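Remarks on the structure that follows.
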Amino acid sequence: MKVYQINYNLRKQSNYDELYKKIKSYSNWCHPLNSCWIITSNKTALEIQNDLTTILDHDDGLLITRLQNEAAWCNLDFHGSKVKTDWLKINLSCAT
-14 MKVYQINYNL RKQSNYDELY KKIKSYSNWC HPLNSCWIIT SNKTALEIQN DLTTILDHDD
46 GLLITRLQNE AAWCNLDFHG SKVKTDWLKI NLSCAT
């Protein structure tokens, strides 16, 4: 399974609910930062872009980057939770 990072900039009309719903349709996802999601998928970055742009406005920014095995992060989890950190450790370690 491939791992992708999705970053976006919704400009004029901020339709976050629809974007979040579309991203969550990928069954394995993590939302580590406000404008950043990470998903696993067998699709290509272009296929994911085509899927997500169906609900974006023409001037919204979107960047989809494939991640492979190496990453660093800090302060993603709050109040003793390790949900995001654990998700990243599991999914990035088996990224293909």
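Going by the numbering used here, the first residue of the sequence shown is number -14, and it counts up by one from there.
For every residue, glycine included, the Cβ atom is placed at its ideal position computed from N, Cα and C.
These figures come from a predicted structure and were not determined experimentally.
How is Lys69 classed by DSSP in three states: helix, strand or coil? helix
Evaluate the contact criterion for the region 1 to 8 versus the region 52 to 64: three or more CB pairs, one atom per stretch, below 8 angstroms. no
Rounded straight-line distance, which links the Cα of Lys67 to that of Ser26: 23 angstroms
Integer Cβ distance of Asp44 from Lys(-3), believed to fall under 8 angstroms: Rounded to the nearest angstrom, the Cβ distance from Asp44 to Lys(-3) is 6 angstroms, consistent with a contact under 8 angstroms.
Tell me Tyr(-11)'s beta-bridge partners as DSSP assigns them. Ile24, Arg51
With burial defined as no fewer than 16 other Cβ atoms inside 10 Å of the residue's Cβ, what is the status of Asn35: buried or exposed? exposed
List the DSSP bridge partners of Trp14. Ile24
Euclidean distance between Cα positions of Gly65 and Leu(-5): If you take the alpha carbons of Gly65 and Leu(-5), they lie about 31 angstroms apart.
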